[in-house]
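All remarks here apply to the structure that follows.
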Amino acid sequence: MTYNAISVSELNKYIKEKFEEDEYFSSVLVEGEISNCKYHYSGHIYFTLKDENSLIKGVMFKTYTSHLDFNLQDGMKVMVLGSVSVFERDGTYQLYAKAMKQLGKVGDLRAAFEALKEKLEKEGLFESSHKRPIPVMPKTIGVLTSNTGAVIRDIINVSTRRNPNVHIRLFPVPVQGEGAAQKIADGIRVMNENNLADVLIVARGGGSLEDLWPFNEEVVARAIYNSEIPVISAVGHETDFTISDFVADLRAPTPSAAAELAVQDISILQENIYSYQNRFKQALVKKIEFMKLKYEKCMASRAFSKPLQQIQEKYILVDKNIKSLEYSISKKLQNEKAKAQNMYLKLDALSPLKTLARGYGIVSVEDKIIKSVKQVKTDDKINIRMEDGKIEAKVI
Amino acid sequence: MSNKKEDLNFEESIKKLEEIAQELEKGDLDLDSSVNKFEEGMKLSKKCNSLLEDAEKRITILLNDNGNLKEEDFNPEED
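Protein chains in written order, with the numbering used here: chain A, 14 to 409; chain B, 47 to 125.
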């Protein structure tokens, strides 16, 4: 007798074909809780979906994971759209997820978060132009958080370590649960109205999305936006982002980091001030040295080192000038004298007196010199000028 | 409770210190003005330093007493 056995592979292949013939399996919508969730390095997500009594293995391939708007975590309630088929190698059937939606309150919160974020962003509440700078040296740090627990302690410790003289003013507020958001918002408003701080830290420790929820509420977002006092938001862990973080003037990854951002290390500030004092001193010393150098150069000049020499030099010059002046004056005098002498001799030679001296006379009638006999007639009175006097005569 | 507005605040003072340092370092002021600037800078820097040191360490908590704010010293509880 011959047995007609088939291989395991053939069997699983047959089963798979049966599954795929079923139209219902090709598109199922199933609800359950996630467990054994694994993000594989290949990009696929492996998980188990279960309810109280039963479970099914599932996988979401990389192609689909990019459309997920949340991170899968164990314990999450989800609704999965996908198909059911057989994984031939292991002989198992599983859920091939194509899309997933988070269910329950957390899912609703996530949707509300996205909606509010989009709304406030459109309104401009996250604009960086609206963000105020954090003061370098705030005198008073206003802190809005719970008056119990590690957060306020961390903030006090970090702040006082960096600046032992800081004033921390705690405005205690509940940081989770019903009504917390309103109280946080009121606190921010009261701090502003009474000008009770130079900077505000709004802080909360880590927690679930539900725990952090007050910091995702619109009333807190608007209070932060309207705060005249700069606000540092420090809610949850480094990976948690809340609406408060987006609106705040500065986001700190943790409450301790917020304290570091609000309170400058006093020793660094002091060093900074000392370095200014040094710069002033050096600049002044340099100035004085420069002036001294200038003074010394000035004093070394001949005007100061040999003041008489200059005067003597000038005296010599004056003497020289006087001498040459005297010389030119006497020379001029001589020249003029000689010229005068010459003129005198010429004049002398031409003088009529000289002619008279030789025995000539000048005949004149009524002061008119007679040069011709025709100019006189008988009985005219004439004057004859001789060298040594006058003769009055009559023409006969 | 708030900063005195008539005084320069810390940031403004630091900014002023930088200005004074640059003016002095340029070296084109005469000696008298340099000395005056120097004195102004030293005075301001000492004021800044006293701003740092004068503040008193205080940890306080604001309490709402029937609508009136009250302030008390605060000691965080230890775990």
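Every residue gets a Cβ at the ideal spot worked out from N, C-alpha and C, and that includes glycine. On a predicted model such as this, the values are computed, not experimentally measured, just so you know.
Return the CA-CA distance between residue i and residue j, expressed in angstroms with no decimal places.
i, j, result
"residue 218(A)", "residue 113(A)", "30 angstroms"
"residue 59(A)", "residue 173(A)", "48 angstroms"
"residue 37(A)", "residue 196(A)", "52 angstroms"
"residue 316(A)", "residue 324(A)", "10 angstroms"
"residue 152(A)", "residue 105(B)", "12 angstroms"
"residue 61(A)", "residue 26(A)", "23 angstroms"
"residue 252(A)", "residue 266(A)", "8 angstroms"
"residue 88(B)", "residue 64(B)", "12 angstroms"
"residue 34(B)", "residue 109(B)", "Here chain B comprises residues numbered 47 to 125, so residue 34(B) is not present and cannot be evaluated."
"residue 192(A)", "residue 186(A)", "10 angstroms"
"residue 397(A)", "residue 374(A)", "6 angstroms"
"residue 60(B)", "residue 94(B)", "8 angstroms"
"residue 275(A)", "residue 212(A)", "7 angstroms"
"residue 204(A)", "residue 198(A)", "10 angstroms"
"residue 113(B)", "residue 264(A)", "31 angstroms"
"residue 55(B)", "residue 98(B)", "12 angstroms"
"residue 123(A)", "residue 82(A)", "9 angstroms"
"residue 190(A)", "residue 89(A)", "21 angstroms"
"residue 182(A)", "residue 281(A)", "24 angstroms"
"residue 302(A)", "residue 313(A)", "16 angstroms"
"residue 365(A)", "residue 354(A)", "19 angstroms"
"residue 132(A)", "residue 72(B)", "53 angstroms"
"residue 102(A)", "residue 272(A)", "56 angstroms"
"residue 34(A)", "residue 96(A)", "12 angstroms"
"residue 392(A)", "residue 386(A)", "13 angstroms"
Which of the three DSSP states is assigned to residue i in this structure?
i, result
"residue 48(B)", "Because the pLDDT at residue 48(B) is just 42, under 50, the model does not fix this residue reliably, and the value given afterwards should be weighed accordingly. Three-state DSSP puts residue 48(B) in coil, outside helix and strand."
"residue 394(A)", "strand"
"residue 332(A)", "helix"
"residue 139(A)", "coil"
"residue 104(B)", "strand"
"residue 97(A)", "strand"
"residue 20(A)", "coil"
"residue 64(B)", "helix"
"residue 383(A)", "coil"
"residue 268(A)", "helix"
"residue 295(A)", "helix"
"residue 123(B)", "coil"
"residue 256(A)", "helix"
"residue 109(B)", "strand"
"residue 327(A)", "helix"
"residue 261(A)", "coil"
If distances are taken between C-alpha atoms only, which option among the options comes closest to residue i?
i, options, result
"residue 139(A)", "274(A), 360(A) and 246(A)", "246(A)"
"residue 288(A)", "66(B), 78(B), 58(B) and 55(B)", "66(B)"
"residue 257(A)", "323(A), 285(A) and 129(A)", "129(A)"
"residue 76(A)", "110(A), 85(A) and 29(A)", "110(A)"
"residue 116(A)", "96(A), 97(A), 103(A) and 84(A)", "84(A)"
"residue 65(A)", "47(A), 133(A) and 28(A)", "47(A)"
"residue 216(A)", "34(A), 322(A), 237(A) and 63(A)", "237(A)"
"residue 100(A)", "80(A), 198(A), 70(A) and 79(A)", "70(A)"
"residue 221(A)", "131(A), 369(A), 249(A) and 202(A)", "249(A)"
"residue 82(B)", "103(A), 96(A) and 293(A)", "293(A)"
"residue 261(A)", "24(A), 40(A), 143(A) and 73(A)", "143(A)"
"residue 259(A)", "333(A), 268(A), 367(A) and 137(A)", "137(A)"
"residue 404(A)", "384(A), 388(A) and 377(A)", "377(A)"
"residue 45(A)", "28(A), 92(A), 51(A) and 32(A)", "92(A)"
"residue 50(A)", "42(A), 73(A), 30(A) and 32(A)", "73(A)"
"residue 115(B)", "52(A), 184(A), 306(A) and 360(A)", "184(A)"
"residue 295(A)", "70(B), 74(B) and 76(B)", "70(B)"
"residue 409(A)", "121(A), 125(A) and 394(A)", "394(A)"
"residue 268(A)", "127(A), 358(A) and 167(A)", "167(A)"
"residue 87(A)", "52(A), 362(A) and 94(A)", "52(A)"
When burial is assigned at 16 or more other CB atoms within 10 Å of the CB, is residue i buried or exposed?
i, result
"residue 390(A)", "exposed"
"residue 68(A)", "exposed"
"residue 180(A)", "buried"
"residue 335(A)", "exposed"
"residue 158(A)", "buried"
"residue 352(A)", "exposed"
"residue 120(B)", "buried"
"residue 145(A)", "exposed"
"residue 56(A)", "exposed"
"residue 210(A)", "buried"
"residue 161(A)", "exposed"
"residue 91(B)", "buried"
"residue 320(A)", "exposed"
task: Please determine if the region 230-241 of chain A and the region 169-188 of chain A are in contact, where contact requires at least 3 C-beta pairs separated by less than 8 angstroms.
output: Counting Cβ pairs under 8 angstroms, fewer than three are found: no touch.
message: Within 8 angstroms, do at least three Cβ pairs link the region 145-163 of chain A to the region 235-250 of chain A?
response: yes
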